[in-house]
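Below is one structure; the comments refer to it alone.
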Amino acid sequence: MNTPVAPARGALEPVRRIGRPFLAAVRAAGAVAVFAVRGVAAVFTPPWFLDQGLRQLVAIGYFSLPVVGLTAVFTGAALALNIFSGGGRFNAEQVMPQIVALGITRELGPVLAALMLAGRVSAAIAAEIGAMRATEQIDAMRTLSTDPFHYLVAPRLAAAVISLPLLTVVADTIGIAGGWLVAVRVLGFNATVYVRNTETFLQGWDVGSGLLKATVFGFIVALMGCYHGYNASGGARGVGRATTHAVVSSAILIFASDYLLTTLFTHR
Amino acid sequence: MTGVPKLEWKGITKRFEGARVLDGLDLSVAAGRSLVIVGGSGEGKSVTIKIALGLMRPDAGSVALDGQDLTGLSERSRRKVFSRVGVLFQSAALFDSLRVWENIAFRLINSDGVPRKTAKARAIGALGRVRLGPEVADLYPSELSGGMQKRVGLARAVVADPEILFFDEPTTGLDPITAAAINALIVEQVRHLGCTAVSITHDLASARTIGDEIAMLRSGRIIWRGAPGELDTTDNPYVRQFVSGRAEPVT
Numbered sequence: 000m001n002t003p004v005a006p007a008r009g010a011l012e013p014v015r016r017i018g019r020p021f022l023a024a025v026r027a028a029g030a031v032a033v034f035a036v037r038g039v040a041a042v043f044t045p046p047w048f049l050d051q052g053l054r055q056l057v058a059i060g061y062f063s064l065p066v067v068g069l070t071a072v073f074t075g076a077a078l079a080l081n082i083f084s085g086g087g088r089f090n091a092e093q094v095m096p097q098i099v100a101l102g103i104t105r106e107l108g109p110v111l112a113a114l115m116l117a118g119r120v121s122a123a124i125a126a127e128i129g130a131m132r133a134t135e136q137i138d139a140m141r142t143l144s145t146d147p148f149h150y151l152v153a154p155r156l157a158a159a160v161i162s163l164p165l166l167t168v169v170a171d172t173i174g175i176a177g178g179w180l181v182a183v184r185v186l187g188f189n190a191t192v193y194v195r196n197t198e199t200f201l202q203g204w205d206v207g208s209g210l211l212k213a214t215v216f217g218f219i220v221a222l223m224g225c226y227h228g229y230n231a232s233g234g235a236r237g238v239g240r241a242t243t244h245a246v247v248s249s250a251i252l253i254f255a256s257d258y259l260l261t262t263l264f265t266h267r
Numbered sequence: 000m001t002g003v004p005k006l007e008w009k010g011i012t013k014r015f016e017g018a019r020v021l022d023g024l025d026l027s028v029a030a031g032r033s034l035v036i037v038g039g040s041g042e043g044k045s046v047t048i049k050i051a052l053g054l055m056r057p058d059a060g061s062v063a064l065d066g067q068d069l070t071g072l073s074e075r076s077r078r079k080v081f082s083r084v085g086v087l088f089q090s091a092a093l094f095d096s097l098r099v100w101e102n103i104a105f106r107l108i109n110s111d112g113v114p115r116k117t118a119k120a121r122a123i124g125a126l127g128r129v130r131l132g133p134e135v136a137d138l139y140p141s142e143l144s145g146g147m148q149k150r151v152g153l154a155r156a157v158v159a160d161p162e163i164l165f166f167d168e169p170t171t172g173l174d175p176i177t178a179a180a181i182n183a184l185i186v187e188q189v190r191h192l193g194c195t196a197v198s199i200t201h202d203l204a205s206a207r208t209i210g211d212e213i214a215m216l217r218s219g220r221i222i223w224r225g226a227p228g229e230l231d232t233t234d235n236p237y238v239r240q241f242v243s244g245r246a247e248p249v250t
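Line by line, the protein sequences give chains S and G. Residues in the first sequence are numbered consecutively from 0, following numbering that gives the first Met the number 0. Residues in the second sequence are numbered consecutively from 0, following numbering that gives the first Met the number 0.
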């Protein structure tokens with residue numbers, strides 16, 4: 000008697016191959032969503048660990064200033080040079096200040112600041128919380144009647160959401176200053192006219208939309224660091240894996256949400 | 000045993016990727032008694048204690064503290080119940096970003112709302128109970144030896160005067176002299192507090208010292224239970240093999 004089992008298995012194999020990663024992705028998305036809801040709930044419900052929040056504000060915000068500032072000044076300067084040389088093809092060199100300001104405030108300021116934070120902060124959060132998981136410190140915290148979501152996750156989420164818009168303001172200012180510096184020192188622009196052109200052209204929404212993006216990016220950076228660290232398993236190797244996943248997933252989600260938010264903002 | 004046990008595991012089953020680690024585990028400990036669960040590596044000792052602490056959910060069964068079922072509790076209710084519990088972890092699990100006294104006073108400051116100054120005084124008092132001086136209070140855990148970390152972990156477990164203490168492999172990784180000192184401190188603290196103690200270990204010397212009773216866990220169930228002195232006289236072949244430390248069963 001012929002058995003239908005073997006051919007059926009073979010026929011279903013492609014479906015299985017697609018289905019397994021798809022189900023895994025859905026499961027992971029659900030786990031991240033549940034983690035995010037618990038984290039946000041912990042931000043808005045007592046107990047609040049203000050000392051932890053302040054410590055994270057310093058670690059995430061203050062200590063990221065140098066890297067964000069340096070990134071912004073070089074990006075602003077390079078952007079000015081590119082727009083000047085590219086705009087020269089259709090005699091549009093003189094709109095360079097406006098385009099630099101627009102590019103920095105709407106896009107590059109928030110995105111680059113967020114990417115710097117993904118590399119610096121998301122990785123550090125994942126490594127720290129992952130090491131705590133590996134050494135039973137998170138279990139110990141729970142047995143000491145302290146919820147890790149309130150003590151570890153909420154302060155980091157709040158600090159990143161507060162810090163990144165502030166860092167973006169710094170990145171916007173320094174990025175535009177970088178463009179100004181190149182324009183005035185290298186390309187022969189008038190310093191006062193450059194500033195006036197930038198001032199009169201920029202609208203509040205240009206800066207505001209960038210800051211709204213930065214708020215979302217800050218949440219993503221802290222969430223990915225906390226999620227991957229909290230769920231780390233497998234000792235030192237697991238902590239390394241969590242750190243990598245935190246940086247990569249932060250970067251991808253920053254770019255994806257940037258596109259979605261830009262679409263939303265340009266259609267408002 | 001008469002009356003409601005202090006802590007009771009009822010029909011606990013737990014699987015990991017198809018492998019059944021606990022298979023209908025039934026176990027209880029009376030108030031004021033010290034129970035030591037012994038067993039080989041991978042027999043589910045840590046899982047047993049983690050389920051009791053609410054750090055892991057069982058697939059079936061329940062855990063009751065003073066007759067109150069703990070398995071279905073919300074996180075908030077669980078935190079309230081576990082304010083009566085102290086735990087010494089295998090690795091001590093000290094928070095490496097906090098000083099020694101902040102580790103000991105963690106529960107007092109962050110859960111009980113005790114002012115930091117009072118909490119520090121109580122932490123230094125707890126350090127004295129485990130034979131460590133106040134000069135240790137401002138060090139970080141990474142500056143301590145393994146034995147000192149265990150003592151600090153014990154101080155953290157007892158500082159809030161718990162009703163029940165859990166010890167997870169309290170002497171693992173320690174030299175025999177330090178292990179004996181930790182065992183003596185455990186016995187002293189359990190007697191001083193008059194609390195119930197549940198320990199897991201595969202160190203029989205430790206089990207004999209700190210336990211009023213010893214329970215042998217094998218294949219997900221308790222296969223033998225008795226007083227420390229009965230370990231050497233039991234007919235149970237697996238217990239005899241375990242006590243004699245032989246690779247083959249004792250005939």
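Ideal placement from N, C-alpha and C gives every residue a C-beta, glycine not left out.
Looking at the backbone, the Cα of W47/S and that of R132/S are separated by about 22 Å.
F88/G belongs to the set of residues whose beta carbon lies under 7 Å from a beta carbon in chain S.
Chain G has a Cβ within less than 7 Å of the Cβ of Q136/S.
Contacts with chain S at 7 Å (Cβ-Cβ) include S110/G. Under the three-state reduction of DSSP output, R220/G falls in the strand class. With a cutoff of 7 Å on beta-carbon distance, A206/G and V37/G are scored as near each other.
In the DSSP annotation of this structure, the continuous segment of the alpha helix (DSSP H) that includes I251/S starts and ends at 234-265. Residue state for W47/S is assigned as coil, using DSSP reduced to three classes. Contact check for G68/S and V169/S: beta-carbon distance about 6 Å, within the 8 Å limit, so the pair qualifies.
In the DSSP annotation of this structure, R19/G is not part of any alpha helix (DSSP H); the continuous beta strand (DSSP E) holding it starts and ends at 18-28. The residue from I48/G, R239/G, V113/G, Q240/G with its alpha-carbon nearest to that of Q89/G is I48/G. The stretch 132-147 of chain G and the stretch 65-83 of chain G do not touch, with fewer than three beta-carbon pairs separated by less than 8 Å.
Against L143/S, the close residues of chain G are F105, R106, S110, in the order they occur along the chain (beta-carbon pairs closer than 7 Å). Within the same chain, Cβ atoms closer than 7 Å to the Cβ of F148/S are found at R37, G38, A41, the five residues on either side in sequence being excluded. Of the candidates V33/S, P96/S, A130/S, A130/S places its Cα closest to the Cα of G233/S. Put simply, the backbone Cα of L126/G is about 15 Å away from that of G145/G. Contact of S82/G with chain S is assigned, a C-beta pair being separated by under 7 Å. A direct Cα-to-Cα measurement between R54/S and K9/G gives close to 44 Å.
DSSP places M55/G outside both helix and strand once states are collapsed to three, so it counts as coil. Assignment of A91/G by DSSP, reduced to helix, strand and coil, places it in the coil class. By the Cβ rule, the stretch 63-82 of chain S counts as touching the stretch 163-179 of chain S, because three or more pairs are nearer than 8 Å.
Between R78/G and chain S, the shortest Cβ-Cβ separation is below 7 Å. Counting along the chain, no beta strand (DSSP E) covers L126/G; the unbroken alpha helix (DSSP H) around it starts and ends at 115-128. When C-alpha distances from G228/G are compared across T208/G, P169/G, G172/G, the shortest belongs to T208/G. A distance below 8 Å between beta-carbons, with the five flanking residues on each side excluded, links Y150/S to the following residues of its chain, in chain order: F48, Q51, M140. Annotation: Cβ neighbours of E74/G in chain S (cutoff 8 Å, chain order): D146. Assignment of A176/S by DSSP, reduced to helix, strand and coil, places it in the helix class. The C-alpha of F216/S lies about 21 Å from the C-alpha of A24/S. When beta bridges are read from the DSSP output, G85/G appears opposite L164/G.
By the rule that beta-carbons nearer than 7 Å mark a contact, A92/G touches chain S. Taking all protein chains shown into account, R190/G has fewer than 16 neighbouring C-beta atoms within 10 Å of its C-beta and is therefore exposed. L143/G is not a Cβ neighbour of A156/G, given a cutoff of 7 Å.
Closer than 7 Å to the CB of L52/G there is at least one CB belonging to chain S. Taking CB atoms only, A139/S has a neighbour in chain G less than 7 Å away.
The stretch 212-231 of chain S makes contact with the stretch 241-254 of chain S; the number of CB pairs closer than 8 Å reaches 3 or more.
Comparing alpha-carbon positions, the option among I103/G, Q148/G, R83/G, D202/G lying closest to P161/G turns out to be R83/G.
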